[in-house]
Amino acid sequence: MRLLLPYLALYRRHSGRMLLGILLAIITLLASIGLLALSGWFLAASAVAGFAGLYSFNYMLPAAGVRGAAIFRTAGRYAERLVSHDATFRVLSHLRVDTFARIMPLSPGGLARFRQADLLNRLVADVDTLDHLYLRVISPLVSALVVILVVAAGLSWLDVTLALLLSGIMLALLLLLPLIFYRAGKPVGRALTTLRGEYRIQLTAWLHGQAELVVYGAGSRFRQALESTEQQWQHQQQRQATLGGLAQAIMIAATGLTATLMFWLAAGGLTTADAPGALIALIVFTTLAAFEALGPVAGAFQHLGQVIASAERLQAITGQLPAVSFPAQGAAAVSPSLMLDNVSFTYPGQPFPVVKGVTLQVAAGEHIALLGRTGCGKSTLLQLLTRAWDGQTGSIQLGGHPIADYDEATLRRSMTLVPQQVHVFNTTLRDNLRLAAPEASDARLGEVLQHVGLGALLENSGLNSWLGEGGRPLSGGEQRRIGIARALLHDAPLVLLDEPTEGLDAETEQQILTLLREHCRGKTLIMVTHRLHGLHHLDRICVMDDGKLVEQGPHHALLAAGGRYAQFHARLA
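First residue of the sequence shown: 1, per full-length UniProt numbering; consecutive thereafter.
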């Protein structure tokens, strides 16, 4: 239950709307009780008065009371739904923003162990589940408690014993039923939350992997696993529905037994000179109507298991400390010179380091290449420079200041990165390019596309072309050039390229490398590659192997030295 305290704190932002919603719920319940009780008394009293009461019995005032109670109940129910749902949606918006704000600083270190579908499910479905806390738990409980006290106070004017009996029975049910059904529904709610997440992860994997599943004939096996999870999910839903039905059955039985008991006691002990039967009807109908307030209570705590399970799943993410933290205000932007001193890094949960004691100095305006076999630590080194991770040992300085001294905005303005996997968003070509330069004009965007060889994309819909999820209409090489176009638009003094020509043909590769050299005049360039084309134009080539920097120097000097670079060159040439 302690897990819910941070989320309850967010509810305080909208405590006014929530209290108003609870007040309207109480008014609606009291109006409903008044309507049924007054109607029952009015009919009974009218029957007792008969024809003799046509001139002596006041028909007008009770009839007006019935109409007034009906109007209050209808208007109160509408207003309560309006206010409560408005408050709930506002709370949900803050929950989503707060959860997202806590997740963002964790990327990528704290999120690496979560699958994308699982993250989405936690951010959407689990946050949505937390709205049960107000609508199905807090509001019904508070409303039922107040209604019980008001009904007891009202009945005490007629008979204190009956008032205490009715309120005692209702309070006992209010205390016992939620506890019982919370215990019974907790494992079901936890299972429902877990299975919902598993089902959506499997469904996402099945949809994204359709091509491979069809090619290798594995679709039926994936579908069977999906159906198995779905059946388990449906079974737990059936168990929850059974518990809900049992709760309602107990409440109906309790209502009937309590009404019968109140009728028996009122008939034996209530006497008045005017209309004893009418007051008996008022008490019985008040009892029946009062139990309406307890209707949602038994099933409310049945959903609390889901709420707690969802809170635990969110806490598993948001409760982590960020692997990388930035100061609120950092050092000013300076010359893009780099100094790496004995930098080492090991991924969390891995036994061996990926980067081992790398020492490297890059002068402002220098162009270097990081060359080496796959898995030697080149891309990881770029991630350390962008502070996706922080090294465990050593230090990295940018412009003479430790890289950790820069606030995030300054650091991002100081560098441009073309990652190994370029992500194309499900939006227009214009929006995909403006990620790097929000103020860029259409003319500038078109010019950059022409430079990177994507002028054909400007035909037909032009910059309004919809690129789809993951850039499906684009080839791998075109997606790579979208990333390069973003780098050209983002005018930063430090340019980091991770395999920028991967997936390009030889002619396009030469054009792109020439374009990048021209763009990076006066800028510092670090290019990760395993291809040798165009390296002789760079100031220095740094060869990595097994996480270490094994040799460095200009192209011709390394060839003459006959070391690792010369071996690469001889083998790949």
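Beta carbons are placed, not taken as given, at the ideal position from N, Cα and C, and that holds for glycine.
Given the structure is predicted, the values throughout are model-derived calculations rather than measurements.
CB-CB length for residue i against residue j, believed under 8 Å
i: asparagine 460; j: threonine 393; result: Actually they do not touch by this definition, with Cβ atoms about 54 Å apart.
i: glycine 244; j: glutamine 302; result: 6 Å
i: leucine 417; j: threonine 386; result: 6 Å
i: asparagine 314; j: threonine 99; result: Inspection of the sequence shows that residue 314 is occupied by leucine rather than by asparagine. Rounded, the Cβ-Cβ distance is 6 Å, consistent with contact.
i: leucine 265; j: leucine 162; result: 6 Å
i: glycine 377; j: valine 354; result: 5 Å
i: alanine 485; j: leucine 454; result: 7 Å
i: alanine 79; j: glycine 34; result: Going by Cβ atoms, the distance from alanine 79 to glycine 34 rounds to 17 Å, so no, they are not a contact pair.
i: serine 139; j: glycine 21; result: 6 Å
i: alanine 278; j: alanine 44; result: 4 Å
i: isoleucine 201; j: alanine 117; result: 4 Å
i: leucine 463; j: aspartate 442; result: 6 Å
i: residue 580; j: alanine 31; result: Because the chain is modelled from 1 through 573, residue 580 falls outside the range shown and cannot be assessed.
Among the options, the one whose alpha carbon lies nearest that of residue i
i: aspartate 498; options: Leu4, Gln231, Ile368; result: Ile368
i: valine 358; options: Leu120, Leu135, Glu551, His85; result: Glu551
i: glycine 503; options: Gln420, Ile148, Val91; result: Gln420
i: threonine 255; options: Arg521, Ala172, Ala506; result: Ala172
i: leucine 19; options: Tyr134, Ala75, Gly277; result: Tyr134
i: leucine 46; options: Ser32, Ala63, Ala31; result: Checking the sequence, you will find serine at residue 46 rather than leucine. Ranking the options by Cα distance to serine 46, first place goes to Ala63.
i: glycine 391; options: Gly400, Leu398, Thr380; result: Thr380
i: alanine 25; options: Tyr182, Leu294, Met544; result: Leu294
i: glycine 400; options: Pro336, Pro348, Ala437; result: Pro336
i: serine 524; options: Met415, Ser475, Arg531; result: As written in the sequence, residue 524 is threonine, which differs from the serine given in the question. Taking only the C-alpha atoms, the option nearest threonine 524 is Met415.
i: threonine 287; options: Leu123, Leu559, Leu165; result: Leu165
i: valine 424; options: Leu474, His490, His451; result: Leu474
i: leucine 130; options: Arg96, Asp442, Trp206; result: Arg96
i: valine 422; options: Asp405, Arg472, Leu458; result: Arg472
i: alanine 388; options: Gly109, Tyr7, Leu36, Leu38; result: Gly109
i: valine 495; options: Leu145, Thr508, Leu179, Glu518; result: Glu518
i: threonine 193; options: Leu82, Ile308, Val151, His94; result: Ile308
i: alanine 125; options: Arg196, Val160, His530, Ala37; result: Arg196
i: phenylalanine 285; options: Phe42, Gly476, Ala300; result: Phe42
i: glycine 446; options: Arg412, Ile482, Pro322, Val543; result: Ile482
i: arginine 7; options: Leu92, Ala37, Ala75; result: It should be pointed out that residue 7 corresponds to tyrosine in this sequence rather than to arginine. Nearest C-alpha to tyrosine 7: Leu92.
i: valine 297; options: Thr508, His85, Leu515, Ala144; result: Ala144
i: proline 187; options: Phe222, His235, Arg136; result: His235
Residue i classed as buried or exposed, judged by whether at least 16 other C-beta atoms fall within 10 angstroms
i: alanine 478; result: Strictly speaking, residue 478 in this sequence is glutamate, with alanine absent from that position. The residue is buried, with at least 16 neighbouring Cβ atoms inside 10 Å.
i: alanine 275; result: Residue confidence is low: alanine 275 scores 44 on pLDDT, short of 50, so the model does not pin down where it sits. Its coordinate-derived value is still stated next. With 16 or more other Cβ atoms within 10 Å, it is buried.
i: serine 310; result: buried
i: phenylalanine 345; result: buried
i: phenylalanine 568; result: buried
i: glutamine 231; result: exposed
i: glutamate 469; result: exposed
i: arginine 73; result: buried
i: isoleucine 252; result: exposed
i: asparagine 432; result: buried
i: isoleucine 526; result: buried
i: threonine 88; result: buried
i: tyrosine 406; result: buried
i: methionine 60; result: exposed
i: glutamate 439; result: exposed
i: serine 228; result: exposed
i: tryptophan 466; result: exposed
i: methionine 170; result: buried
i: alanine 273; result: Reliability of the predicted coordinates at alanine 273 is poor, the pLDDT of 40 falling under 50, and the value obtained from them is presented with this limitation in mind. By the 10 Å Cβ count, alanine 273 comes out exposed.
i: proline 178; result: buried
i: asparagine 58; result: exposed
i: aspartate 128; result: exposed
i: phenylalanine 181; result: buried
i: leucine 558; result: buried
i: threonine 271; result: Unreliable placement is indicated for threonine 271, whose pLDDT of 44 sits below 50; the coordinate value is still reported in the next sentence. With fewer than 16 Cβ atoms within 10 Å of its Cβ, threonine 271 is classed as exposed.
i: proline 327; result: exposed
Contact with chain B by residue i, beta-carbon distance below 9 Å
i: lysine 548; result: As a matter of chain content, chain B is missing from the structure shown, which is built from one protein chain.
In DSSP terms, what residue i is bridged to
i: arginine 540; result: Ile368
i: phenylalanine 345; result: Val355
i: isoleucine 396; result: Leu340
i: isoleucine 526; result: Ile368, Leu496
i: glutamate 551; result: Val543
i: leucine 360; result: Leu340
Residue i Cβ short of 8 Å to the ligand ATP heavy atom set
i: arginine 412; result: This structure lacks the ligand ATP; in fact it carries no ligand of any kind.
Threshold first: 3 residues or longer. Then list the beta strand (DSSP E) segments lying entirely within the region 475 to 516, N to C. 494 to 498
Suppose only complete runs of 4+ residues qualify. What are the alpha helix (DSSP H) ranges in the region 278 to 322, listed by chain order? 295 to 300, 304 to 318
For the region 99 to 133, which segments carrying the alpha helix (DSSP H) assignment without a break, of at least 4 residues, lie completely within its bounds, in sequence order? 116 to 121
What ranges does the alpha helix (DSSP H) occupy inside the region 393 to 465, keeping only unbroken runs of at least 4 residues that lie completely in it? 408 to 414, 429 to 433, 442 to 451
To test your reading of the DSSP string, which unbroken alpha helix (DSSP H) runs of 4 or more residues are found completely within the region 176 to 201? none
Whole alpha helix (DSSP H) runs in the region 8 to 85 with 4 or more residues, listed along the chain? 15 to 49
Minimum length 3: unbroken beta strand (DSSP E) runs contained in the region 213 to 274: none
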